[in-house]
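Those protein sequences? They're chains A and B, same order as listed. Numbered by numbering that gives the first Met the number 0, the letters in the first sequence go through residues 0 to 171 in order. Numbered by numbering that gives the first Met the number 0, the letters in the second sequence go through residues 0 to 171 in order. C-beta: ideal position from N, C-alpha, C; glycine also. Below is one structure, written out as C-alpha cells, with a few remarks after it.
Protein chains: 2
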Amino acid sequence: MREKGVSALSTRKLADRIGYTSGTIYQVFQNRDDLVEQMNTETLRMLYAHCHAHMAEGSVQHRLRALADAFVSFAKTHPREWDAIINYPFAPEYQATPAYLSEIQRLLDLLCEAVSELYGPDQADRRLRDARLLWNGLYGIFALAIAGRLSQERSLNDAVDDLIDLYLAART
Amino acid sequence: MREKGVSALSTRKLADRIGYTSGTIYQVFQNRDDLVEQMNTETLRMLYAHCHAHMAEGSVQHRLRALADAFVSFAKTHPREWDAIINYPFAPEYQATPAYLSEIQRLLDLLCEAVSELYGPDQADRRLRDARLLWNGLYGIFALAIAGRLSQERSLNDAVDDLIDLYLAART
DNA sequence: TCATTAATTAATCACTGCTCAATATATCCT
DNA sequence: AGGATATATTGAGCAGTGATTAATTAATGA
C-alpha cells in the first residue's frame, strides 16, 4: 500500500509479502474493508501523535497554525496513507467502527483545544462546532489535493492558510 | 450506477443493459476511468444547470445561501452521482480531462459571482480565492456526508450553514 | 453486386475478493 | 511418551472483474 496505493493492495500480494496465503488474511480480518479500516485507524493514531507532539502554546492564531502545519506535514509525508483514508471505496453498507470514530473524535478534541480560548468553559458545543468546521474544511482540501484537483498554482499550504485565515477573521 | 453506486458498475453489466457486449464499451471509452469521468462531467453539468436555475439576486448572504441550498438539494437528489464524483477510485496516474476541469471552473465562477459584491471589479483574484475556499469547504462536507462520517446529530444542512455563516462573519 | 470499412462479438488473459474442505502444526492431558 | 483435541494454514475453487483482440457480422458506397 505504501508503495503503490491502497488500490494496489490485494490480499494475495499482502499474504505473499508476509509469507502466508490469502486465506489466512481472512482469519484475522473480516474482509478487505475491515483490513483497510484498521490500517486507517492506525494512520489516524499516528496523525494524532504527530499533532500532539507539535502542539504549540500561546494565542489561538499560533496554536491553530501549528496544528494545521502538523496536519499538512503529516499528509505530505504519508500521502498513501491519507489516500486510503480519503479515497478507499468502502462498501456502501460499511459502517465506521467505534475505534475509528474515536480516533476522529480525538483529532476533533485537539482542534477544540486549539480554539478553546475563544470561548468560555461552558461553551463546549461552540468549540465542537468550530472544530467540525475546521475539520470539514481540512478534509475537503486534502481530498482535492490528493485527487490532484486542487488548482495547480495554489498549493496545499496556501489553501490551508486561507482556511485558517478565514476562521480567524470570523472569530477574532 | 444510479441503483447500486459506481462500485457496482461493471462494463459487462452496463453492456448487458443496453443490449451490447463489454468489448463495445471499450470502443467508445478508453477504460472504466474514462467512462466514469465522462459521467461525472455530465453530473457537474447538471449541477451547474441546477445551481444556475436557483441563482438569487440581492445581498451576498442571500445569494450565497441560495447557491448553497442548490448544492445541497442537488446532492440529496443525486446521491449516487455525487458519490461517483467524490469516491470513485481513479487510477493514481489518471489526470482530469479539460472538459471536467472546465465544469469545475464554471461552478467556481458561480461562487465568484455570488460573492462579487464584496470586492471591486479589479479584484478577481480575491473572488477566486473565496470561491475556492467555499468550494473546498463544501467538498469536504459532502465527502464526509456521503461516507456517512459526518456526525449523526449534525446534518448536512447544518454543516453547510455553519460554513456559510463563518464565511459571512469573516467577510462582512 | 461486391469490395471496403465499420461495428460487434466471443473467447481469452490475468487478475480480484472470498470460502471452505483438507491438511499441517501446536497444545493439553493422562 | 503418545493419543486426543484445538488451532493455524493451505490450496483449490467460485464467481466475478477490467481489458485485449482475432474473428465475425453489418453497413456503406461505387
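Assuming residue i contacts residue j under a Cβ cut-off of 8 Å, what Cβ separation, rounded to an integer in Å, is found between them?
i, j, result
"Ala83 of chain B", "Val35 of chain B", "6 Å"
"Leu110 of chain A", "Leu143 of chain A", "About 20 Å separates the two Cβ atoms, so there is no contact after all."
"Ile24 of chain B", "Leu8 of chain B", "Not really, about 11 Å apart at Cβ, beyond 8 Å."
"Phe28 of chain A", "Ala74 of chain A", "Wrong, their Cβ atoms sit about 25 Å apart, outside the cutoff."
"Leu106 of chain A", "Leu46 of chain A", "7 Å"
"Asp15 of chain A", "Tyr93 of chain A", "Rounded, the Cβ-Cβ distance is 26 Å, inconsistent with contact."
"Ser6 of chain B", "Pro78 of chain A", "About 23 Å separates the two Cβ atoms, so there is no contact after all."
"Arg170 of chain A", "Leu100 of chain A", "Contact doesn't hold; Cβ gap of about 27 Å is too wide."
Please classify residue i as buried or exposed, where buried requires at least 16 other C-beta atoms within 10 Å of its C-beta.
i, result
"Ile85 of chain B", "buried"
"Gly119 of chain B", "exposed"
"Gly147 of chain B", "exposed"
"Thr40 of chain A", "buried"
"Ala113 of chain B", "buried"
"Arg128 of chain A", "buried"
"Ile145 of chain A", "buried"
"Ala52 of chain B", "exposed"
"Ala168 of chain B", "exposed"
"Ala48 of chain B", "exposed"
"Gly18 of chain B", "exposed"
"Glu56 of chain B", "exposed"
"Glu80 of chain B", "buried"
"Glu158 of chain A", "According to the sequence as given, residue 158 of chain A is Ala; it is not Glu. Buried, by the Cβ-count rule."
"Glu102 of chain A", "buried"
"Gly139 of chain A", "buried"
"Arg1 of chain B", "exposed"
"Ala69 of chain B", "buried"
"Arg44 of chain B", "exposed"
"Arg126 of chain B", "buried"
Are at least three pairs of beta-carbons, each pair with one atom in the segment 131 to 146 of chain B and one in the segment 154 to 165 of chain A, less than 8 Å apart?
yes
Give, in chain order, every unbroken run of the alpha helix (DSSP H) that is at least 4 residues long and sits entirely within the segment 109 to 162 of chain A.
The segment 109 to 162 of chain A is shown to contain whole alpha helix (DSSP H) runs of 4 or more residues at 123 to 145, in chain order.
Residues in the segment 72 to 94 of chain B having any Cβ partner in chain A nearer than 9 Å
Asp82, Ile85, Asn86, Tyr87, Pro88, Phe89, Ala90, Pro91, Tyr93, Gln94
Hey, is the segment 48 to 64 of chain A in contact with the segment 54 to 69 of chain B, meaning 3+ C-beta pairs nearer than 8 Å?
no
Selection of the segment 136 to 148 of chain B by Cβ proximity to chain A, strictly under 9 Å
Gly136, Leu137, Tyr138, Gly139, Ile140, Phe141, Ala142, Leu143, Ala146, Gly147, Arg148
Would you list, in chain order, the members of the segment 6 to 20 of chain A that have their beta-carbon closer than 8 Å to a beta-carbon of chain B?
Ser6
List, from N- to C-terminal side, the alpha helix (DSSP H) runs of 4 residues or more that fit wholly inside the segment 76 to 105 of chain A.
78 to 86
With 9 Å as the limit, tell me which residues of the segment 41 to 61 of chain B have their beta carbon closer than that to any beta carbon of chain A; keep them in chain order.
Going along the segment 41 to 61 of chain B in chain order, one finds no residue with a Cβ nearer than 9 Å to chain A.
Using a beta-carbon distance cut-off of less than 8 Å, what residues from the segment 121 to 133 of chain B approach chain A?
Arg128, Arg131, Leu132
Unbroken alpha helix (DSSP H) runs of length 4 or more, entirely within the segment 7 to 64 of chain A: which are they?
10 to 16, 21 to 27, 31 to 52
Could you run through the segment 157 to 170 of chain B and flag, in chain order, every residue whose CB is less than 7 Å away from some CB of chain A?
Ala158, Asp161, Leu162, Leu165, Tyr166, Ala168, Ala169
Please list, in chain order, the residues of the segment 22 to 38 of chain A that have any C-beta partner in chain B closer than 9 Å.
Those residues of the segment 22 to 38 of chain A that come within reach of chain B (Cβ to Cβ, closer than 9 Å) do not exist; the list is empty.
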